[in-house]
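Take the sequence shown: its letter number 206 is residue 206 in the UniProt record's numbering, and every next letter is one higher.
Data block below; observations after.
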Amino acid sequence: MTAPRVVIIGGGLGGAAAAKKLESTYDVTLIDEKEFFEYLIGSVRFFVDENAITQGTFLHSEYLKRTKLVVGRAETVAPTHVETDSGERIPFDFLIVSSGSSFAGTPKTLEEKRQWYREQYEGIKAADSVLIAGGGPTGVEIAAEIITSYPDKKLTLVHAGERLVPFMNEKASAKAKDFLVKRGATVLLNDKVNLSNTSTREFRTTSGYAITADYTLAATRARFDSAFMRAHFATALNAEGRVKVEPSLLVEGTRNIFAIGDVTALPEAKQGYYLTAHIATVAANLQTLAKNAAATRLKSYKAQTTTAVALVSLGRKDGIMQTPLLTFSGWVPASLKSKTLFLDKARKDFGLAS
Numbered sequence: 001m002t003a004p005r006v007v008i009i010g011g012g013l014g015g016a017a018a019a020k021k022l023e024s025t026y027d028v029t030l031i032d033e034k035e036f037f038e039y040l041i042g043s044v045r046f047f048v049d050e051n052a053i054t055q056g057t058f059l060h061s062e063y064l065k066r067t068k069l070v071v072g073r074a075e076t077v078a079p080t081h082v083e084t085d086s087g088e089r090i091p092f093d094f095l096i097v098s099s100g101s102s103f104a105g106t107p108k109t110l111e112e113k114r115q116w117y118r119e120q121y122e123g124i125k126a127a128d129s130v131l132i133a134g135g136g137p138t139g140v141e142i143a144a145e146i147i148t149s150y151p152d153k154k155l156t157l158v159h160a161g162e163r164l165v166p167f168m169n170e171k172a173s174a175k176a177k178d179f180l181v182k183r184g185a186t187v188l189l190n191d192k193v194n195l196s197n198t199s200t201r202e203f204r205t206t207s208g209y210a211i212t213a214d215y216t217l218a219a220t221r222a223r224f225d226s227a228f229m230r231a232h233f234a235t236a237l238n239a240e241g242r243v244k245v246e247p248s249l250l251v252e253g254t255r256n257i258f259a260i261g262d263v264t265a266l267p268e269a270k271q272g273y274y275l276t277a278h279i280a281t282v283a284a285n286l287q288t289l290a291k292n293a294a295a296t297r298l299k300s301y302k303a304q305t306t307t308a309v310a311l312v313s314l315g316r317k318d319g320i321m322q323t324p325l326l327t328f329s330g331w332v333p334a335s336l337k338s339k340t341l342f343l344d345k346a347r348k349d350f351g352l353a354s
């Protein structure tokens, strides 16, 4: 009996893990704009640790043994196939949309991406002053990596919001700011800065604050891609362009298209650790629908509408943990996340040597 054809759009954490889980049972094709996997949760350390760059980036072909990889961009999703930017038409029995979040201009080859990170590493190492735009978890974690690795560098963090790491509670936000300020960083809230003026190294925020910086980094919100759904499934997109899903994680109005991760309109924080439950739900429902396309008893996923547990790393030796009862910093969140940023676990999960 021929295995059902499963096409996955997006080779980030969700798409990569789904392909790894499903490839032994289904005829899986992964469509990704790049030839490699990048472990974004651990990528904040790439800016200060050159060895971590190699540890956290690797070819899709290193961990996928049976999956067909198509390096390209999904242009259009039709009810039975995906059309790519090269004109290739890829048929499917089931589709998983996991286009996630990415930054414009991401290199397609592994060596290009590693070289980009090496250039950032060298740039930070050589700089006397660093300016970061964006105070979400990525911006805060990179800032903490830099200020703990290079205590003498002058670091400025500019954030448009009222508080840092806004997906966490106010106590966590205050702890993140205090950590940086106590180590000499300047944190500017409710402000923005244009990083395009790199020739003079002089920058001015919208409020008029002047900043001199040798190195700049934009850690603002990444884009998510759902444009390929508009031609045939526009009604399944919300006003923001995120994909609306049923509790089964089937895209609204479909019986063979699922969506997981950042691209979904699920009312929950876009956190990587929710993906395990997303993938388990899809895998169970794939198995049910592959046996009986008319099945109605499907596994349900309950959106995590409140951020019960959250972790933000603050360098290697500190961090912030939010739980339903307590919000605290110190060695516990450091041991859970900050020490390794799960880089070793990620490689193990993908069947690779540490």
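Even glycine gets a Cβ: it sits at the ideal position worked out from N, Cα and C.
Remember, it's a predicted structure, so these values are computed and weren't measured experimentally.
query: Figure out for me which residue from Trp116, Glu202 and Tyr63 has the closest Cα to the Cα of Ser43.; result: Trp116
query: May I have the straight-line CA-CA distance separating Met321 from Thr327, to the nearest angstrom?; result: 6 Å
query: For Ser101, which of helix, strand or coil comes out of DSSP?; result: strand
query: State the Cα-Cα distance for the pair Ala283 and Asp191, rounded to the nearest angstrom.; result: 44 Å
query: To the nearest angstrom, how far is the alpha carbon of residue 355 from that of Gln304?; result: There is no way to answer for residue 355, as the model of the chain reaches only from 1 to 354.
query: So does the region 283-293 actually touch the region 309-318, counting three or more Cβ pairs closer than 8 Å?; result: no
query: Which same chain residues end up closer than 8 Å to Ser24 when comparing Cβ atoms and leaving out the 5 residues on each side of it in sequence?; result: Arg66
query: According to DSSP, is Leu249 helix, strand or coil?; result: coil
query: Kindly indicate the opening and closing residues of the beta strand (DSSP E) around Thr281.; result: No beta strand (DSSP E) contains Thr281, which is instead part of the alpha helix (DSSP H) from Leu275 to Lys291.
query: Is the separation between the beta-carbon of Gly56 and that of Leu343 shorter than 8 Å?; result: yes
query: Have a look at Val251 and Gln287 and give me their C-alpha separation to the nearest angstrom.; result: 17 Å
query: Could you give the DSSP three-state label for Ala210: helix, strand or coil?; result: strand
query: Determine, using beta carbons only, whether Tyr121 and Glu50 come nearer to each other than 8 Å.; result: yes
query: Could you give the DSSP three-state label for Ile260: helix, strand or coil?; result: coil
query: What are the start and end residues of the alpha helix (DSSP H) that includes Ala143?; result: Pro137 to Ser149
query: Helix, strand or coil: how does DSSP classify Pro107 here?; result: coil
query: Exposed or buried, which one is Leu22 when buried takes at least 16 other CB atoms within 10 Å?; result: buried
query: Taking the Cβ atom as the reference point for each residue, do Phe94 and Pro4 lie within a distance shorter than 8 Å?; result: yes
query: In the region 30-55, which residue ranges form an unbroken beta strand (DSSP E) of at least 3 residues, counting only runs that do not cross its ends?; result: 36-38
query: How is Gly10 classed by DSSP in three states: helix, strand or coil?; result: coil
query: According to DSSP, is residue 367 part of a helix, a strand, or is it coil?; result: The shown model of the chain, from 1 to 354, leaves out residue 367, and the question about it has no answer.
query: Taking Cβ to Cβ, would you say Ile279 is nearer than 8 Å to Ile257?; result: no
query: Use the C-beta contact count for Met168: other C-beta atoms within 10 angstroms, 16 or more gives buried, fewer gives exposed.; result: buried
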